[in-house]
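Positions -21 to -1, 1 to 137 (mature numbering (1 follows the signal peptide of the UniProt record, and there is no 0)) are the ones given, in order, by the sequence shown. One structure below.
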Amino acid sequence: MKRHVAWAAMAVTFAASAAIAETAPMDVKFTDVGAVAESLTGQPGDATKGAEVAATKSLGNCVACHKVSALDASFQGNVGPELNGAADRWDESQLRGIVVDAKHTFEGTVMPAMYKTGPFIRPGDGYTGKAAPADLPPILNAQQVEDVVAFLMTLKEE
């Protein structure tokens, strides 16, 4: 009987760890139009946490470039498109792809990839003589990406 309980406990532990397995940045699969169909975490995003990531300077800082009326931020940028109505313009997989690495959707964009570790073009070598290290951590972790996507999915035209 004790063996059955031990095996059951191991199975539950394995299933739980498999459920929260993250897709590594270099393993993200994009469609030919830049969408990412699969969740990076297998967990739903939290729109409230996503709003916090979008508005926080040390996290996503989306409002530095985008206007988002749903966020109470003192300064909102105008470099990127307004995110009001984003859920009407793009579906969840497209939004995930844009957040992960918008260059797969908009080739010439200046938006930084939020979930990428490389390869990067590093002009620092020619300008300063100092390049960033070869491996940089992603700006957001996988769950933060899912949270931002969940928040963006709440942004519909009024």
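The beta-carbon is built from N, C-alpha and C at its ideal position, and this holds for glycine as well.
Between Val128 and Arg75, the beta carbon gap of about 5 angstroms places them in contact (Cβ cut-off 8 angstroms). Judged by DSSP secondary structure, Ser72 falls within the alpha helix (DSSP H) whose first and last residues are 71 to 80. In the three-state DSSP reduction, Val12 falls in the coil class, being neither helix nor strand. Contact check for Leu134 and Gly64: beta-carbon distance about 6 angstroms, within the 8 angstroms limit, so the pair qualifies.
Counting only the Cα atoms, Leu19 lies some 21 angstroms from Phe85.
Between Leu119 and Leu38, the C-beta gap is smaller than 8 angstroms, which places the two residues in contact.
The three-state reading of DSSP puts Lys95 in coil, since its state is none of H, G, I, E or B. By the neighbour-count definition (other C-beta atoms within 10 Å, threshold 16), Met93 is a buried residue. Taking the Cα of Ala33 as reference, the smallest distance to any Cα among Gly13, Phe54, Glu17, Gln22 is reached at Phe54. Counting along the chain, the unbroken alpha helix (DSSP H) around Leu131 starts and ends at 121 to 131.
Nearest Cα to Glu71 within the set Met5, Val124, Asp6: Val124. No residue range can be given for Gly64, since it is assigned to no alpha helix (DSSP H) and is classified by DSSP as neither H nor E.
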